[in-house]
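Written out below as C-alpha cells is the structure these notes cover.
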Amino acid sequence: MSTTATVTQEAAPANELARPASTHNKHDGILRQEEATSSPVGDMQIDDGSPPHAQGEVERWNKPMGNIGRLAFAFISFMIAGMNDAATGALIPYLEEYYNLTYTVVSLIFLTPFAGYSVAAFANARIHMTLGQRGIAIIAPLCHIITYVVLAVHPPWPVLVVINMISGFGNGLTDACFCAWVGAMDKANTIQGFLHATYSVGALFAPLIATNMVVTANLPWYTFYYVMVGISVLELVGLTVTFWHKTGEVYRKQHERANSSQGGAGTRIALKNKVTWLCAVFFFCYMGVEVGLGGWVVTFMLRVRKASRYASGISGTGFWAGMTVGRAGLGFVTERFGERLCVTVYLLLSVALQLLFWLVPNFIASAIAVAFLGVFLGPLFPGAVMVTAKLLPPHIHVSAIGFAMALGGTGGTVFPFAIGAIASHAGVKVLQPIILALILVVMMVWLSFPRIKEGQGMFARMKAWMASRSSR
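Under the UniProt record's numbering, the first residue of the sequence shown carries the number 1, and numbering increases by one thereafter.
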C-alpha cells in the first residue's frame, strides 16, 4: 500500500520476462502503457493529460525513494501477522492447562479471526477510496495493539476468543493492500517472496520466543503478548509516517479513470470474474494447510511422536524456518521459470513430503519432513497472488485479492478449528490425512487457473532465459 502502490492499479505486471514482448522497452523498468490514459504511477500526481500510449515508469522497491521505508514497515506488518498466527499453535498446550480446556474449545481461538477477515474483504476498497493507504497504515496497527493489550491481561477465555476478530480485521486489511501494491512493482515475484518471507520470519521466531519464555524462563503464557504490543507500536509509528501522504484523494486521482471507464473497483465487480473465485478457493485451502499444520504440529509432535515440550516447540520453528527459506529463496526460481510450472513442482514435492511426515513414525524424520514442507509450501501463496494479478484487470486488484485473502483467512481459521474438534474424539493424529487432502485440493485448483497470455507463460520465460545464457 503505497501510493501508487495502492495497487497494482495503474501498473502492468512487474516481472520483466512476464511482460508481453510488445510492452518491453530497451530501458529496464519502462513499460508501454497499452491502455492507460494517465501518467506514470509514482509519488507525483497521476492525471496530467498525457496521450493514451504514453510511457510510464514501473514502480520499484527503491523508486520512488519513499518505497524503501514503506516496504520496510510493510515487512514488519507481515512479520507481526506471522507471529500472531504461529504463536497460537505454540501456546495451545499452555492455554489448555491455564483455562482447563478440551481440544474443541481451545480450537475456537483459530476460528474467530475469520469474522475480522470477512469484514476486511468488503471494507478494503472503501477504506482505500475514502482514507487511502494512510487509512490502512493507521487502522491495521491499531487493531494489533488493541488485540495484544487485551491478550496480555489474560482475560476470561470467551474474551480472549472474541478479541482475535480485531487482529483478523487488521491482518485482512494489510494482506490485500500490500500484496496488491507489491504485485505492480518491477521484479514483483522476488519482492512478493520477500514480503511473505517476513510473515514466515515472524512465524519462525514466535514459537521459539514463546516456548523459551514459558518453558525456559518459566513465565506465564500471556507475557509473550507484551512483546507483541511493543512491536505493534513500532508498526503503527512506522506505517503512519511512511504512508502519511497516501491519502484517499491521492488514491482516487490514481484510479478515477479506471473506475469510471471499467465499472468501478469494488468487491462486487471483482466477484464477477472467475479468477477471483479460483484465487479465493486456492487461498482458502492453502491457508488451511499452512495454519493447520503450523498451528498443530507442536501438539502432534508432543502427543503422537512423543517428543519433549522443547523439541516439539523447535519442530514448529523448523516448519516456519523452512517457509522463510522457501519464500525468500525460491522467489528467484519462480521469477525465472514462471509460476505455473514452479508452483506445480512445489505442490508435487509437498505431497511427497506430507506422506513422509505421516507414514514414518519417527520424530527426527517427521521434523525434517515438516521443515522441508515449509520450504515448498512457502512460495505457493505469493505465486498465486502474482498469477491473479496478471490475470485480472489492475483496477480491481485490491478488491479481488482482498476478497480472496479474506476467504483464505477463513480457511486459516476453519480448518485448524476442525482439526481440533475432530482431534477431541480421534486424537491429533487426524492432522495428517486432513493436511494431505487439502494439499491435493490446492493442486486441483491451481491447475484450473486460466493460462497466462503468450509472452508471460513459463515457456516464454524459459526461452528467454535460455537465450540469455547462450548469448553470454
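Ideal Cβ positions, reconstructed from N, Cα and C, are used throughout, including at glycine.
| Item | Value |
| --- | --- |
| Cβ pair residue 284, residue 410 closer than 8 Å | yes |
| Backbone secondary structure at residue 390 - three-state DSSP | helix |
| Beta carbon of residue 232 nearer than 8 Å to that of residue 141 | yes |
| Distance between residue 426 and residue 304 (C-alpha atoms, nearest Å) | 12 Å |
| For residue 246, the three-state DSSP class (helix, strand or coil) | coil |
| C-alpha gap between residue 419 and residue 161, whole angstroms | 17 Å |
| Those residues which DSSP pairs with residue 63 across a bridge | 60 |
| Alpha-carbon spacing of residue 399 relative to residue 128, whole angstroms | 10 Å |
| Bounding residues of the alpha helix (DSSP H) (the contiguous stretch that carries residue 184) | Taken as a continuous stretch (DSSP letters only), residue 184 belongs to no alpha helix (DSSP H), as it is neither H nor E. |
| Between the CA atoms of residue 405 and residue 182 - distance to the nearest angstrom | 15 Å |
| Runs of alpha helix (DSSP H) lying entirely within the segment 369-432, each at least 4 residues, in chain order | 380-391 and 397-426 |
| Residue 217 - DSSP class collapsed to helix/strand/coil | coil |
| Which listed residue (149, 168 and 134) has its alpha carbon closest to that of residue 247 | 134 |
| The segment 429-440 touching the segment 310-327, judged by at least three CB pairs closer than 8 Å | no |
| Contiguous beta strand (DSSP E) assignments of at least 3 residues, all confined to the segment 100-144 | none |
| Beta-carbon gap between residue 353 and residue 381 smaller than 8 Å | no |
| Alpha carbon of residue 214 to alpha carbon of residue 139, nearest angstrom | 31 Å |
| Own chain, CB closer than 6 Å to residue 294, minus 5 neighbours either side, in chain order | 86, 89 and 319 |
| Check whether residue 327 and residue 202 have beta carbons under 8 Å apart | no |
| Coil, strand or helix - residue 448 by DSSP | coil |
| Coarse secondary structure for residue 360, derived from DSSP in three states | coil |
| Residue from 253, 163 and 81 whose Cα sits closest to the Cα of residue 132 | 253 |
| Sequence-distant residues of its chain with Cβ nearer than 6 Å to residue 154 (five each side left out) | 222 |
| Neighbourhood of residue 111 by C-beta distance below 6 Å, restricted to the same chain and skipping five residues each side | 413 and 417 |
| Three-way DSSP call (helix, strand, coil) for residue 26 in this model | Note that residue 26 scores 35 on pLDDT, short of 50, meaning its location in the model is unreliable and no value can be drawn from it. |
| 8 Å Cβ cutoff met for residue 421 and residue 104 | yes |
| Boundaries of the alpha helix (DSSP H) in which residue 154 is found, first to last residue | First-last for residue 154: undefined, no H or E at that position. |
| Residue 164 and residue 113 closer than 8 Å at C-beta | yes |
| Through-space distance from residue 430 to residue 229, alpha-carbon basis | 34 Å |
| Residue 271 (DSSP reduced to helix, strand or coil) | coil |
| With 16 other Cβ atoms within 10 Å as the buried cut-off, status of residue 348 | exposed |
| Supposed close pair residue 78, residue 239 - CB separation, criterion 8 Å | The pair is not a contact, with the Cβ atoms about 12 Å apart (cut-off 8 Å). |
| Which listed residue (376, 145 and 156) has its alpha carbon closest to that of residue 234 | 145 |
| Within 8 Å, strictly: CB atoms of residue 171 and residue 81 | yes |
| Host alpha helix (DSSP H) of residue 197 (start-end) | 188-211 |
| Beta-carbon gap between residue 393 and residue 275 smaller than 8 Å | no |
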